[in-house]
Amino acid sequence: MNTFKLTFTLNGEVTEVLAEPSEMLVDILREKMYLTGAKKGCGKGECGACTVIMNGEAVNSCMIPAMKAMGAVVETIEGIGNKDKLHPLQESFINEGAIQCGYCTPGVIMSAKALLDKNLDPSNDEIKEAIAGNICRCTGYVKIVNAVMSASQKIKG
Amino acid sequence: MKTFNVVGKNIKRNDALEKATGKAMFSTDMNIPGMLYAKVLRSPHAHALIKSIDTSQAEKIPGVKGIATWGNTPRELFNTSATMTFTVPSMEPVLDQYIFDKVVRYVGDEVAAVAAISEKVAAEALKHIKVEYELLPAVFDPLEAMKPEAPIIHECHAGKNIPAEIVKFGMGDIEKGFAESDIIFEDVFKLPIQKQAQLETQAALAQVGSDGGITVWSTTQTPHPSRMIISKIFSTPQSKIRVLNPPYVGGGFGVRIGLSAKAEPIAVALSKLTGKPVKIVYTREEDFTSSDTRHGGYVWVKLGCKNDGTFQAMELKSALNAGAYCSFSGETPGVLGAMGLAVYRMEHMSYYGHSVYTNFTPSGAMRGFGNPQAMFAIEAAVDTIAERIGMDPLELRLKNIIQVGDNWCLPYTCGSTGLAECVEKAAKVIGWERRGTLNEPGSKILRGIGMGVGTHCSNAWPFCVDYDNAIITVQQDGSILLAVGVPDIGTGTSTTLPQLAAEAIGVEMSQVNMTFGDTLTTPFDIGSHASRTLYAAGTAVVAAGNDVRKQILEYAAVVMKIALERLDITKGIIHISGSNEAESCEGSGICRSGEESMTHISVRELVYHAHLRNKQFIGIGRTIPPNSPPWHAHFYEVEVDTETGMVKVVKVAAAHDVGKAVNPMIVEGQIEGGVLMGVGYATSEEIKISAKGKPLHTSYHKYLLPTAMDAPEIHAIIVESNDPSGPYGAKGVGECGMVLSAAAIGNAVYDATGIRFNEIPLTPERVYKRLQENKK
């Protein structure tokens, strides 16, 4: 098989992994790095469940060929916080009931983080736009938008 | 009013931390050593005989480990839905599916499946399976499918292509009722096929042991009934089968009440063939084409009314599109009629309804289960009558809604209703008094407000078998393990059921842990559906909690030398009623057994005291739930763009009588999510079909469900009528948010445009066309 050595920065660590050129980043994360936080809801870039941040931008990792991740800085849900030190978005999502089945949650949080990394004072519409590519079938988005808003206020202090 | 320590509080969800950090395990995340991957070959034809299948070329592909077809899998009939495990006598469940059959009946029907070392190899192998088909005539509309010349999809006893029974019930004398009516509205409404479109597609991982024992991790909403189905298909004792969620499920909305389409049996069959664990994950396209949908079809309504607004008679009929296999097509028309006839009081009512097989994706359970279809028609009738007699539609509804104790069609009593309060509160939030004043002459945007009211059930009894068990085991360290066989499909049951247990026993929430969604660690339960989990499984949890509490207090009375009646448990401390229960005794010495001055002892210390004397406290709850109607009133404000036909929902007020909100934040989430799913149903969601039976909406992109950008301002309003039958007064809520959207949005669009749409979704195309016709 025509594999190559993919080198990229994953959650702050320089990572090397053997990949096939046809492989997508989501499969490398899930199948090879055992980081299953990024979910596969469609495999076609339509649902956003696999959203990660690559070089500062929220991307559908199911649409990123392995080659494109070469040398990139990739952040996944597992890298932004843990139970002892949650990211403010994770904290808000928990506190404000923005999580139901949880399948879309990692992707939504990563899209929201990409927004807040650049804009700490988003309007409701800007939040909705940032997560427009993330389908949630459970919440009606009400508590998700509220949680992103309150996380932005928390980060601002 | 009773005060609660745990119930009624916005306790943070037990599953939220794992889900927010990406650690939560779902079936699609599962990975075990030696695991193979499965892919399914599906029919490209709507109806055909399989003349031959040649798998020889596919078998030669390196990495292919096994191929399953009708020839090497059990010839055991089943029904993927749990209906085959809980149909109530004297009804008979309809069993019309094999894992693979010699006939395919819809585009997407299963033909064969391959297990291989990777999904890629399995997918490649599918291309090398040669199937020879003999095409059969196909039919796609339920009314067409009943005609004598229509092809037979399955042999049926109730009528041409009619699965299960025709549902008929009513009360009074319908002809007399209409004869006594001053005004009668009658019309037919057409409903689309909607998809649950839950985020996690159907998935299962099966492992068959060398002793024949079967373990299946899956996305099912009903592990115990799924185990019964698997047991029948593979002729394996239920006690040798374990079905579990791992433990999370990426949404359900009815799509996996029973098996996850055929994910479980295909994985088990391939695991048996290969001797390896086999995982199958449906693609999104497969999830659209080959797992149950909401029933589309036709609903007729005839409503008779006196000039003063008193409803006299209602006749309701339905013919639903069952698709190619029965699934829940026996029950759905039943619930459509039962819920449709339960909202308004009148003497004369009748219902006649059934499903009809067609050559399309099977319809099954989806949030609301026939109720949204019924209410779309009924609420249009109510608004039309209100207009004709010149009465405010809100007043007309308040005049006619069911009251506690009223005679109605349901086989249980209406024990509570907060519907009038729902109407009042939601009307205020939407600003009902603005109705009729929203439009400026000449405006290109037309605005309107519409409403609807409705009910639902809080579990499936007596329509289906419905009973619950809960076991509460107090551990030696005082921590409490609650075992209930329902899953948490996202609705928060792994938080709210422990809340009920903590309240019943009298301990802190943090003291209770729960095992759920696993047939090995929990007693039988029919699962999470029918808006039942909190109400029905919760009743069993409270019973188990009360049982444990009684055992603890009886033991404490002896240890503390205090009369049982004087003892209470609060926040994990056993104390004399009325004393300062919050005062902890731990470490102070008075907790030690045998002290005459003992006034407090912690549950933790008491259970260890008991353990040292060979005693453990185990509480059991075994209940058959009664049933009770949750009530809801929905108000929608819409804008209709006359240049594009676009209907935009701008504001929603949704008030729900949930009896008692055990966790208000979770209840609001259920309502908000249901509302938006309903907005999609009313305005954009539909699976259409090509002339040859190919589904045209097979991806999120094509299907057009609401995104964050489409979400209106939603006000979820909780009304508490404290139901006498539910746990701490609670009733169902899960499906209710979905029930009225189409009905009330239809009424809002009429208010805006003066056009009555008898068919949804209200797509720009459909609306624009009527707006143009109206101009002429």
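Chains as they are written, first to last, in the numbering used here: chain A, -5 to 151; chain B, 2 to 777.
By construction, the Cβ of each residue, glycine as well, lies at the ideal position given by its N, Cα and C atoms.
C-alpha gap between residue i and residue j, whole angstroms
i              : j              : result
T333 (chain B) : I667 (chain B) : 27 Å
G784 (chain B) : D293 (chain B) : This structure cannot speak to residue 784 (chain B), because chain B is shown only from 2 to 777.
L206 (chain B) : S119 (chain B) : 14 Å
L42 (chain B)  : V112 (chain B) : 5 Å
K307 (chain B) : L397 (chain B) : 11 Å
G9 (chain B)   : A656 (chain B) : 17 Å
V405 (chain B) : V383 (chain B) : 21 Å
V604 (chain B) : G479 (chain B) : 6 Å
I185 (chain B) : T385 (chain B) : 10 Å
Y38 (chain B)  : S351 (chain B) : 51 Å
N162 (chain B) : V168 (chain B) : 15 Å
A583 (chain B) : V302 (chain B) : Residue placement at A583 (chain B) is flagged as unreliable, the pLDDT there being 47, under the threshold of 50; the coordinate-derived value follows with that caveat. Each residue's Cα considered, the two are about 59 Å apart.
I1 (chain B)   : P278 (chain B) : Absent from the structure is residue 1 (chain B), since the part of chain B shown begins at 2 and ends at 777.
V217 (chain B) : R243 (chain B) : 6 Å
A538 (chain B) : H633 (chain B) : 22 Å
G23 (chain B)  : L83 (chain A)  : 13 Å
Residue-level contact to chain B via CB, residue i, 8 Å cutoff
i              : result
L4 (chain A)   : no
F87 (chain A)  : yes
C36 (chain A)  : yes
N140 (chain A) : no
T30 (chain A)  : yes
T1 (chain A)   : no
I47 (chain A)  : no
C56 (chain A)  : no
I71 (chain A)  : yes
N113 (chain A) : no
DSSP-derived helix/strand/coil call for residue i
i               : result
Q477 (chain B)  : coil
A39 (chain B)   : strand
A60 (chain A)   : helix
D467 (chain B)  : coil
G453 (chain B)  : strand
E120 (chain A)  : helix
V95 (chain B)   : coil
F170 (chain B)  : strand
A159 (chain B)  : coil
N322 (chain B)  : strand
F(-2) (chain A) : strand
A427 (chain B)  : helix
W462 (chain B)  : coil
R24 (chain A)   : helix
M350 (chain B)  : strand
Neighbour flag for residue i against chain A, beta carbons, 8 Å
i              : result
E640 (chain B) : no
E673 (chain B) : yes
G670 (chain B) : yes
S589 (chain B) : Reliability of the predicted coordinates at S589 (chain B) is poor, the pLDDT of 46 falling under 50, and the value obtained from them is presented with this limitation in mind. No, no contact with chain A.
C415 (chain B) : no
I54 (chain B)  : no
K13 (chain B)  : yes
M515 (chain B) : no
D478 (chain B) : no
L18 (chain B)  : yes
R281 (chain B) : Residue identity differs from the one stated: residue 281 (chain B) is Ile in this sequence, not Arg. No, no contact with chain A.
M36 (chain B)  : no
Any non-hydrogen atom of the ligand GDP closer than 7 Å to residue i Cβ
i             : result
N80 (chain B) : Absent from the structure shown: the ligand GDP. Ligands present: none.
*Runs of alpha helix (DSSP H) wholly within the stretch 379 to 419 of chain B (minimum 4 residues, chain order)*: 394 to 401
*Enumerate, from N- to C-terminal direction, the unbroken alpha helix (DSSP H) stretches of 4 or more residues contained entirely within the stretch 180 to 265 of chain B.*
224 to 234
*Near-chain A residues of the stretch 232 to 259 of chain B - C-beta to any C-beta below 9 Å*: Y249, V250, G251, G252, G253 and F254
_Which residues of the stretch 118 to 137 of chain A have a Cβ closer than 9 Å to any Cβ of chain B? Give them in chain order._
D119, I121, K122, E123, A124, I125, A126, G127, N128, I129, C130, R131, C132, T133, G134, Y135, V136 and K137
*What are the uninterrupted segments assigned as beta strand (DSSP E) that are 3 or more residues long and contained completely in the stretch 44 to 102 of chain A, given in chain order?*
45 to 48, 51 to 54 and 67 to 69
*At a Cβ cut of 8 Å, what residues of the stretch 94 to 111 of chain A count as close to chain B, listed as they run along the chain?*
Q94, C95, G96, Y97, C98, T99, P100 and I103
*What are the start and end residues of each continuous beta strand (DSSP E) run of 3 or more residues lying completely inside the stretch 496 to 550 of chain B, in chain order?*
513 to 517
*In chain order, what residues of the stretch 701 to 722 of chain B put their CB closer than 8 Å to some CB of chain A?*
Y701, H702, L706, T708, A709, M710, A712, I715 and A717
*Go through the stretch 70 to 140 of chain B residue by residue and report every complete run of the alpha helix (DSSP H) that reaches 4 residues or more, in order.*
84 to 87 and 120 to 127
*Which residues, in chain order, does the stretch 191 to 206 of chain B contribute to contact with chain A at a C-beta distance below 9 Å?*
Q197, A198, Q199, L200, E201 and T202
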